[in-house]
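The listed protein sequences correspond, in order, to chains P and Z. Okay, so the first sequence: first residue is 0 according to numbering that gives the first Met the number 0, each after it adds one. Okay, so the second sequence: first residue is 0 according to numbering that gives the first Met the number 0, each after it adds one.
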Amino acid sequence: MMSRQNNPKMEAVANAPAATARNDQPRVLIIVPAFNEARSLPALLRALHSQCPGCDVVVIDDGSTDGTREALAGQARVVSLACNLGIGGAVQTGLKIALLENYDIAMQVDGDGQHPAHEVSKLLAALHEMQCDLVVGSRFRNAGGFKSTLARRIAIHLFSASLSRICGTRITDATSGFRAMNRRAIELLARRYSEDYPEVEALVVAHRAGLRIGEVAVQMSERTAGKSSIGSIKSVIYMIKVPLAIFMTLLRRSEARL
Amino acid sequence: MQEHGQAIVFLFTLAIFALVMGLVLKRKITERFAVLWMAISFLLLLTSSLGFRYIFKIAEVFGIPYPPSALFLIVIFGLTLLVIELFVWISRLNERSRILAQQVALLWDRLEKSNAQRTDLP
């Protein structure tokens with residue numbers, strides 16, 4: 000049923016503009032999923048514009064009710080979802096844009112200000128140097144920066160340890176949403192992206208499809224405004240849903256490969 | 000006593016049937032589900048006419064001391080399957096609405112872009 004997402008109508012609806020002159024520089028789309036982040040977004044966008052020249056930025060407004068769209072008028076391209084789809088649906092929208100508009104690389108930078116703009120270039124460089132299809136920015140590879148709360152750290156380490164085993168590479172921050180994807184990864188994940196808590200599952204999907212996954216150390220900051228989308232009951236669901244999703248993805252042998 | 004029970008089940012089945020048909024008429028339920036409910040009422044009818052004497056046998060086979068419990072067990076099992084089917088349907092709708100929301104967002108984005116280009120013209 001998931002494969003139906005890749006319907007031909009989609010291609011007809013938004014074919015690639017490819018208006019910018021194509022030179023050797025890869026075209027990068029920075030996807031900023033945001034739900035009610037009107038207060039932290041302007042600073043992030045300013046930072047992205049100054050730190051990442053040459054990258055296009057698209058804010059996916061996931062049905063915000065705080066006037067995110069109006070607050071960003073003229074500052075960035077904002078694609079607004081009619082209703083709140085959750086982080087997975089928002090990021091997937093960005094990936095679909097990257098796919099349809101023929102971007103070579105898609106970056107995910109969360110709208111809450113946790114992912115600093117000056118680390119973007121590090122991920123982009125790693126994608127090229129490590130010859131990976133998907134690079135995750137990890138906050139646990141080095142000292143410094145914001146490391147989240149204890150309970151979350153335990154969960155993240157658990158997921159990362161099992162994911163390292165599954166994927167055969169060392170992954171220390173499986174839940175990090177700070178990541179860069181090349182064309183192959185865009186094509187895969189634009190089709191198959193989980194709706195809620197998608198980060199860990201996406202890595203398994205990518206690995207199963209034969210994509211190379213890498214990780215680099217980055218610094219993260221504490222969110223500048225707003226609140227996390229994951230509360231206490233949700234984190235219990237998270238702890239059940241994510242392992243289940245990983246397990247199911249591993250079981251789905253047939254559709255694993257492109 | 001048994002005739003009483005059968006009559007009640009028969010009336011109940013007729014009521015369900017009438018309700019479902021009424022909902023189809025008012026377009027509040029799609030034919031797909033109407034068919035499902037017709038099948039359910041048919042099964043109920045079958046149980047009420049033939050099944051009652053078998054319930055005792057089924058209860059005996061499964062070692063259920065109180066035969067009506069066997070009936071409840073079967074009904075609960077059937078209803079559980081029905082609920083699961085509904086969950087499948089909800090998941091499908093959820094998937095479709097997500098794709099639609101994304102498509103609308105992308106279309107809206109394109110529309111804005113083309114409008115902006117039009118106003119840029121001298």
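The beta-carbon is built from N, C-alpha and C at its ideal position, and this holds for glycine as well.
- Task: Check distances from the C-beta atoms of the segment 27 to 39 of chain Z to those of chain P and list, in chain order, the residues that come in under 7 Å.
- Result: none
- Task: Kindly list, in the order they appear in chain P, the residues whose Cβ is closer than 8 Å to that of Z/Q101.
- Result: In chain order: L80, L84, G88, Q91, T92, K95.
- Item | Touching by the beta-carbon criterion (3+ pairs, under 8 Å), the segment 149 to 160 of chain P and the segment 112 to 119 of chain P | no
- If you count every other CB in all the chains shown that lies within 10 Å of the CB of P/E221, and 16 or more means buried, which is it? exposed
- Could you tell me whether any Cβ in chain Z is nearer than 7 Å to the Cβ of P/A20? Residue confidence is low: P/A20 scores 46 on pLDDT, short of 50, so the model does not pin down where it sits. Its coordinate-derived value is still stated next. Chain Z contact via Cβ: absent.
- Message: Going by beta-carbon coordinates alone, are P/G176 and P/E194 separated by less than 7 Å?
- Response: no
- Query: Contact between the segment 202 to 213 of chain P and the segment 230 to 239 of chain P: three or more CB pairs below 8 Å?
  - Reply: These segments do not touch.
- Message: Suppose only complete runs of 4+ residues qualify. What are the alpha helix (DSSP H) ranges in the segment 27 to 78 of chain P, listed by chain order?
- Response: At a cut-off of 4 residues, the continuous stretches assigned as alpha helix (DSSP H) that sit fully inside the segment 27 to 78 of chain P are 40 to 50, 67 to 70.
- Task: Inspect the CB distances between the segment 68 to 86 of chain P and the segment 90 to 101 of chain Z and report whether three or more fall short of 8 Å.
- Result: yes
- Task: Let me know the secondary structure DSSP gives P/G85 once reduced to three states.
- Result: Note: P/G85 maps to helix in three-state DSSP.
- Message: Give me, in chain order, the residues of the same chain whose beta-carbon lies closer than 6 Å to that of P/L44; leave out the 5 immediate sequence neighbours on both sides.
- Response: For P/L44, where only same-chain residues beyond five positions count, the Cβ hits under 6 Å are Q74, A75.
- Answer with yes or no whether the minimum CB distance from Z/A115 to chain P is below 7 Å. no
- Message: So with CB distances below 8 Å, who are the chain Z contacts of P/E214?
- Response: What P/E214 touches in chain Z: nothing, since even the nearest Cβ is about 28 Å away.
- Message: Is it the case that the segment 86 to 95 of chain P contacts the segment 25 to 35 of chain P, given that we only count it when at least three CB pairs across the two stretches are under 8 Å?
- Response: yes
- Message: Rounded to the nearest angstrom, what separates Z/Y65 and Z/T46 at their Cα positions?
- Response: 18 Å
- Message: Suppose the cutoff is 8 Å on Cβ atoms and the five residues either side in sequence are ignored; what does the same chain contact list for P/I165 look like?
- Response: If we look at P/I165 and ignore the five residues flanking it on each side, its Cβ neighbours are V203, H206, I245, L249.
- Apply the 10 Å Cβ neighbour rule to P/D23 and answer buried if 16 or more other Cβ atoms are within range, or exposed otherwise. exposed
- Quick one: does Z/I83 have its CB under 7 Å from some CB of chain P? Cβ-Cβ to chain P under 7 Å: no for Z/I83.
- Message: Does the structure place the segment 40 to 57 of chain P close enough to the segment 124 to 131 of chain P that three or more beta carbon pairs sit under 8 Å?
- Response: no
- Do you know how far the Cα of P/D109 is from the Cα of Z/A58? 59 Å
- Query: Distance, Cα to Cα, P/S63 vs P/E36?
  - Reply: 8 Å
- Three-state secondary structure (DSSP) at P/S147? Here P/S147 sits in coil by DSSP.
- Going by C-alpha distance, which of Z/V8, Z/S40, Z/A6, Z/R31 is nearest Z/L18? Z/S40
- Item | Cutoff 7 Å: Z/W88 Cβ touching any chain P Cβ | Not one chain P Cβ lies under 7 Å of Z/W88.
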